[in-house]
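Engineer: Attaching a single structure in structure tokens format; questions to follow.
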Ligand code: 5AD
Ligand code: SF4
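Numbering (the UniProt record's numbering), first residue to last: 1 to 465.
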């Protein structure tokens, strides 16, 4: 037995495997792909299975208490798996990356002995060096806001890596937040607003498009605050960047997320009417419909300003669909304040939304307030808001039945002969159709709306783009 298991172990040592699990926002999904690409250069192949993994990275989210606590319960399970592997003479290194790592630093190492490395969102390009230290038995934490630019250090993905991830990809264009909403940890975990240069973003996008990507979502914590260097001391806004990217041949669709109402420049609103590759779908978090609460959230805009942005977007692009984030039960929120949130949601009519109970986060101003709202009141308000938002979502989906929409096909459907893709409004659609449509935008007649996806019929199998 011993003699047979030894070669297997050395085989496993040569072909190291990494499992990267991402939680929270789209930027974590993007960072996870960059970590996987970086580690592939170090000899790690990606795996989806924990049993196979020599290295597990949890790319964590700190936005609400539940998200952060989930990480510790996950770490508890990993610690047990690691001990079992150690007993068999194998090892599994555990890395905590992302915003919990940034917020808690070495505390993570103290709270969970099985963790080997803690690395923040601005220093994960140093993972190879941290892994070398961990292999020598050290437990290390690096949560610096690194002086070197991680994007300059990170390797570009290969064509095969890009193709394996599908036809829609994220590109980070902006990081960090200077807004300091009084409930939010992001300015502390992701740091100050910073934008990547235009040329770097164009190069990354071209590489993705060359390998078959057809849709790019530009991401940033405050993406519409983007202001990136554009050579010769010039700077480009998000609208200008979108314009430049739209010129890339083969790229069919552009999206951007997440935006802040105060940075919703007229130029960007106008781009929705002028740039045909820019999809008519805008995720614009409002958080609350009450001016009093918006003020104490330090949002720097009122409900009317939000409604007027929506009106202007609809003027520029009449079919634009809106999406938002809401927080209920912020400290001091009265029934009347909550009713104002319901009224704003009714006035806009959202295609899709995310809504949350306020979760006090250590170190943020709102967490210290003594007018916290009772959990049962929060739950009641959340339930009422979610009923309304769900009605709006279903209504929006039902309204597309009978329409002809361009669908970007992404993958095989769940049933034999089916393929699945997305409408311009981010709705999932499945149709009977050939795999040759994957990666193409094809006209589809929507014939039915289910609770989570639409079904349709191909109008033509010729690709538009
Ligand atoms: N409690 C509840 N929700 C929050 N969000 C951010 N911070 C908190 C918090 N402390 C929500 C906001 C934000 C989304 C990403 O998460 O709605 O837009
Ligand atoms: Fe957080 Fe507000 Fe910045 Fe969004 S804009 S990341 S909610 S502080």
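Every residue, glycine too, gets a C-beta built ideally from N, C-alpha and C.
The structure displayed is predicted, hence computed values, not measured ones.
(1) Cβ of residue 184 within 7 Å of any heavy atom in the ligand 5AD?
(2) Examine the Cβ distances between the segment 161 to 180 and the segment 123 to 141 and report whether three or more of them are shorter than 8 Å.
(3) I believe residue 400 touches residue 449 by the beta-carbon criterion, under 8 Å. Please report the beta-carbon distance rounded to the nearest angstrom.
(4) Just verifying my parser: in three-state terms, what is the DSSP assignment at residue 257?
(5) Name the two residues that bound the continuous alpha helix (DSSP H) containing residue 86.
(6) Does the structure place the segment 104 to 112 close enough to the segment 65 to 79 that three or more beta carbon pairs sit under 8 Å?
(7) Mind the definition here: the segment 266 to 273 touches the segment 239 to 253 only if three or more C-beta pairs lie below 8 Å; say whether that holds.
(8) Residue 85 to residue 92, Cα distance in whole Å?
(9) Measuring only the C-alpha atoms, how far is residue 321 from residue 307?
(10) Would you mind listing the beta strand (DSSP E) stretches within the UniProt domain "TRAM" (398 to 460) that are 3+ residues and don't spill past its ends, in chain order?
(11) Residues in its own chain within less than 7 Å of residue 102 by CB, not counting five upstream and five downstream?
(12) Rounded to whole angstroms, what's the CA-CA distance from residue 211 to residue 202? Just pull it up for me.
(13) Tell me the rounded alpha-carbon separation between residue 396 and residue 256.
(14) When DSSP builds the beta bridges, which residues end up paired with residue 117?
(15) Are there three or more Cβ pairs, one per stretch, closer than 8 Å when the segment 319 to 338 is compared with the segment 285 to 293?
(16) Starting from residue 59, follow its DSSP beta bridges and name the residues at the other end.
(17) By the 10 Å Cβ neighbour count, where 16 or more other Cβ atoms means buried, how is residue 446 classified, buried or exposed?
(18) Rounded to whole angstroms, what's the CA-CA distance from residue 339 to residue 355? Just pull it up for me.
(19) Between the alpha carbons of residue 423 and residue 266, how many angstroms are there, rounded?
(20) Taking the C-alpha atoms as reference points, what is the distance between residue 459 and residue 292?
(21) Quick check for students: name the residue ranges of the beta strand (DSSP E) that lie wholly in the segment 138 to 207, counting only runs of 3 or more.
(22) Using 8 Å as the threshold, is the segment 16 to 35 in touch with the segment 48 to 65, meaning 3 or more CB pairs across them?
(23) Whole angstroms are fine: how far does the CA of residue 390 sit from the CA of residue 32?
(24) For residue 427, is the classification buried or exposed, using 16 other Cβ atoms within 10 angstroms of its Cβ as the cut-off for buried?
(25) Excluding five sequence neighbours on each side, which residues of the same chain lie with their C-beta closer than 8 Å to the C-beta of residue 379?
(26) Do residue 100 and residue 116 have their C-beta atoms within less than 8 Å of each other?
(27) So is the beta-carbon of residue 301 under 7 Å away from any non-hydrogen atom of the ligand SF4?
(28) Return the residue from the list 224, 263, 58, 264 that minimises the CA-CA distance to residue 79.
(29) By alpha-carbon positions, which one of 439, 223, 205, 213 ends up nearest to residue 193?
(30) Could you tell me the distance, in whole angstroms, from the CA atom of residue 466 to the CA atom of residue 440?
(31) With distances taken between CB atoms, is the gap from residue 384 to residue 330 smaller than 8 Å?
(32) Give the straight-line distance between the Cα atoms of residue 364 and residue 187, rounded to the nearest whole angstrom.
(33) Quick one: what's got a C-beta closer than 7 Å to residue 467's C-beta in the same chain, skipping five residues either side?
(34) Taking the C-alpha atoms as reference points, what is the distance between residue 226 and residue 45?
(35) Run through DSSP, which three-state label would residue 313 get?
Structural biologist: Judging by the given coordinates:
(1) yes
(2) Touching, no.
(3) 7 Å
(4) strand
(5) 65 to 87
(6) Yes, the segment 65 to 79 touches the segment 104 to 112.
(7) Contact between the segment 266 to 273 and the segment 239 to 253 is present: 3 or more CB-CB pairs across the two stretches fall below 8 Å.
(8) Between the C-alpha atoms of residue 85 and residue 92 there is a straight-line separation of about 7 Å.
(9) 13 Å
(10) 404 to 412, 418 to 422, 428 to 432, 441 to 449, 454 to 458
(11) 120, 121, 143, 189
(12) 14 Å
(13) 21 Å
(14) 95, 140
(15) yes
(16) 22, 97
(17) buried
(18) Straight-line Cα distance between these residues: approximately 15 Å.
(19) 26 Å
(20) Going from the Cα of residue 459 to the Cα of residue 292 covers about 50 Å.
(21) 140 to 142, 168 to 172
(22) yes
(23) Residue 32 and residue 390 have their C-alpha atoms spaced approximately 31 Å apart.
(24) buried
(25) Only 357 meet the Cβ criterion.
(26) no
(27) no
(28) 58
(29) 223
(30) Given a span of 1 to 465 for the chain in the structure shown, any question on residue 466 remains unanswerable.
(31) no
(32) One C-alpha to the other measures close to 10 Å.
(33) The structure shown does not extend to residue 467, since the chain spans only 1 to 465, so no value can be given for it.
(34) 34 Å
(35) helix
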